[in-house]
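In the numbering used here, the protein residues as written are 757 to 1156.
Positions of the beta carbon are idealized from the N, C-alpha and C atoms, including for glycine.
Since the model is a prediction, treat every value here as computed from it, not as a measurement.
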């Protein structure tokens, strides 16, 4: 098995994801040191009520969707209206339009604005124009190039950089090809608006930290070359942002073997997403984030109730013959097929927050480590604490 230790990263960009009240899949993204904030809102939530005051500020917004396998983006601006509304009113106009040429493409919107309601109309013009020119032509849903108003873009460097990092941290790839991508770390704040696996009952909390891209790449590099074919089945047992499944997807899409067997890009994508990639999300927020990473495809993603207990062998239920079910049985039921996992890969949470355990938390990573054995996979690449490798204390595992 391939295993990687947790490491402390330098120069990390720390972004916090906070669920938006009463909206499944909607979150607010903040960095304490930045003057810019961002929201991700699924299109199917737009007609509901939002209490967030920042959505009444001057904003720019991005409509995201997929045309086949290509990520498509529209950028627009929304200024304050006389009735006190702003971007929500504009987005609802987009949502109900049947004449816009992209009306059937977009499924999510990212809204960006200033924390303290400081953006002027000149700021909106400058940022809209800047991002129009940042989006590659083949991915751009806009028509005419918006007017910049003669802006000095040197004064907008920080805002543009922060917005790009927010969009990347949310899970879209349009601006992900920068050196900052390797530094981004997203932490999900768990509160009453977040649905978290067997922690739905409020007994505990799992901090969700998205793994930096360079770590994900390094772990995939550790896997043997023979796994990159059209038959290998991959499972991430602890999806947080979909970063592992997306990296695997990209590698399979670029595989010469798969390109030869499935020369049509759309057919190749459907095969990979439908038959090779599976994930268990730790929360509804993680499920939504992973879905975006996988181009909106969520057919093989699950949030399993009482997941941690089931990993421990508790509450698995019984087979028809009266014997106890196994995690293999649970996976077969969840995905409605006889699951034969070849590779288990991911970054399981260390602990869930409680009043007990080391530094106030109860270790749970070993439960995820054992899933590889329970499903009898060929390869496992997981991040674990160094003490697990050296069998320190009572939490180590002898069988290495």
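Residues that residue i bridges to, as DSSP identifies them
| i | result |
| --- | --- |
| residue 833 | 816 |
| residue 931 | The partner list for residue 931 (beta bridge, DSSP) is empty, contrary to what the question assumes. |
| residue 826 | 823 |
| residue 869 | 793 |
Expected contact under 8 Å - CB spacing of residue i and residue j to nearest Å
| i | j | result |
| --- | --- | --- |
| residue 1134 | residue 1098 | 5 Å |
| residue 994 | residue 1124 | 6 Å |
| residue 848 | residue 803 | 6 Å |
| residue 1102 | residue 998 | At roughly 11 Å, the Cβ-Cβ gap does not stay under 8 Å, so residue 1102 and residue 998 are not in contact. |
| residue 1053 | residue 925 | The pair is not a contact, with the Cβ atoms about 20 Å apart (cut-off 8 Å). |
| residue 794 | residue 867 | 7 Å |
| residue 746 | residue 1082 | Shown here, the chain extends from 757 to 1156; a query on residue 746 therefore has no answer. |
| residue 800 | residue 943 | The Cβ separation is near 26 Å, so there is no contact. |
| residue 1024 | residue 976 | Between residue 976 and residue 1024 the Cβ distance is about 18 Å, and since that is not below 8 Å, they are no contact. |
| residue 968 | residue 935 | Not really, about 12 Å apart at Cβ, beyond 8 Å. |
| residue 996 | residue 897 | With a Cβ gap of about 29 Å, residue 996 and residue 897 do not count as contacting. |
| residue 811 | residue 842 | 7 Å |
| residue 864 | residue 796 | 6 Å |
| residue 1034 | residue 972 | Not really, about 17 Å apart at Cβ, beyond 8 Å. |
Where the beta strand (DSSP E) containing residue i begins and where it ends
| i | result |
| --- | --- |
| residue 976 | No beta strand (DSSP E) contains residue 976, which is instead part of the alpha helix (DSSP H) from 969 to 977. |
| residue 772 | 769 to 775 |
| residue 1102 | 1099 to 1102 |
| residue 940 | 940 to 944 |
| residue 793 | 792 to 798 |
| residue 1130 | Here residue 1130 belongs to no beta strand (DSSP E); instead the alpha helix (DSSP H) covers 1127 to 1130. |
| residue 994 | 990 to 995 |
| residue 1053 | Element bounds for residue 1053: n/a, residue is neither H nor E. |
| residue 784 | 783 to 786 |
Residue i classed as buried or exposed, judged by whether at least 16 other C-beta atoms fall within 10 angstroms
| i | result |
| --- | --- |
| residue 809 | exposed |
| residue 1032 | buried |
| residue 833 | buried |
| residue 1021 | exposed |
| residue 877 | exposed |
| residue 782 | buried |
| residue 1092 | exposed |
| residue 1055 | exposed |
| residue 1080 | exposed |
| residue 874 | exposed |
| residue 884 | buried |
| residue 933 | exposed |
| residue 893 | exposed |
| residue 837 | exposed |
| residue 882 | buried |
| residue 792 | buried |
| residue 1016 | exposed |
| residue 879 | buried |
| residue 1002 | buried |
| residue 1045 | buried |
| residue 915 | buried |
Assigned secondary structure, residue i (DSSP; H/G/I helix, E/B strand, else coil)
| i | result |
| --- | --- |
| residue 1033 | strand |
| residue 1072 | coil |
| residue 1019 | coil |
| residue 845 | helix |
| residue 1083 | helix |
| residue 1061 | coil |
| residue 896 | strand |
| residue 1139 | strand |
| residue 1067 | helix |
| residue 851 | helix |
| residue 740 | Because the chain here runs from 757 to 1156, residue 740 falls outside it and cannot be looked at. |
| residue 874 | coil |
| residue 858 | coil |
| residue 909 | helix |
| residue 809 | helix |
| residue 1114 | At residue 1114, the pLDDT of 40 sits below 50, so the modelled position is not reliable; the number obtained from the coordinates is stated separately. Of the three classes helix, strand and coil, the one that applies to residue 1114 here is helix, per DSSP. |
| residue 955 | Unreliable positioning characterises residue 955 in this predicted model, as indicated by a pLDDT of 37, which lies under 50. A coordinate reading is not provided. |
Endpoints, alpha helix (DSSP H) assigned at residue i
| i | result |
| --- | --- |
| residue 882 | 877 to 890 |
| residue 919 | 913 to 926 |
| residue 1041 | 1040 to 1049 |
| residue 1006 | 999 to 1010 |
Proximity test, residue i beta-carbon vs the ligand FAD heavy atom, cut-off 8 Å
| i | result |
| --- | --- |
| residue 1010 | This structure simply doesn't include the ligand FAD, nor any ligand for that matter. |
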